[in-house]
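All remarks here apply to the structure that follows.
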Amino acid sequence: MYTLMLLAVGIISSLVFHPMFNNKAGSTYSEKLNKIYGTYWSALIANILGAWVGDALLGDWGWMAGGFNVIAGFIGAIVIEYVWYLIVRNKSTNAA
229 MYTLMLLAVG
239 IISSLVFHPM
249 FNNKAGSTYS
259 EKLNKIYGTY
269 WSALIANILG
279 AWVGDALLGD
289 WGWMAGGFNV
299 IAGFIGAIVI
309 EYVWYLIVRN
319 KSTNAA
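In short: position in the sequence shown from 1, add 228, done, that's my numbering.
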């Protein structure tokens with residue numbers, strides 16, 4: 229159940245927050261999701277890793293589901309996703 233909740237938080241946060249950070253990539257949701265260095269898949273991995281780190285670092289408080297701290301998972305996923313976005317944005321502007 230822990231792994232299922234980890235994947236769910238990572239996928240949901242990548243589908244919601246990645247296009248929000250990548251808002252200058254285009255006008256449609258699909259463009260915002262895919263037009264970035266490393267595409268959506270690298271952002272998904274960053275979100276899953278961030279959800280795991282958030283749960284591990286912030287501990288057991290708040291909304292627990294299957295032994296996974298959902299709120300801490302979202303916090304970690306958002307932070308790691310934003311750091312990842314800053315890194316790939318810098319690499320993509322340097323490559324152009």
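Note that the Cβ used here is the ideal one computed from N, Cα and C, for glycine as well.
| Asked | Found |
| --- | --- |
| Cβ-Cβ separation, Val316 to Val237 (assumed contact under 8 Å), whole Å | No, Val237 and Val316 are not in contact; Cβ-Cβ is about 21 Å, not under 8 Å. |
| Exposed unless 16 or more other CB atoms sit within 10 angstroms - verdict on Asn251 | exposed |
| Secondary structure of Met229, DSSP reduced to three states | coil |
| Paired residues, beta bridge with Asn297 - DSSP | Met292 |
| Residue environment, Ala284, which counts as buried when at least 16 other CB atoms sit within 10 Å | exposed |
| Beta-carbon gap between Asn275 and Ala300 smaller than 8 Å | no |
| Same chain, Cβ closer than 6 Å to Leu261, neighbours up to 5 away in sequence not counted | Pro247, Tyr268 |
| Start and end residues, alpha helix (DSSP H) containing Ala271 | 267 to 286 |
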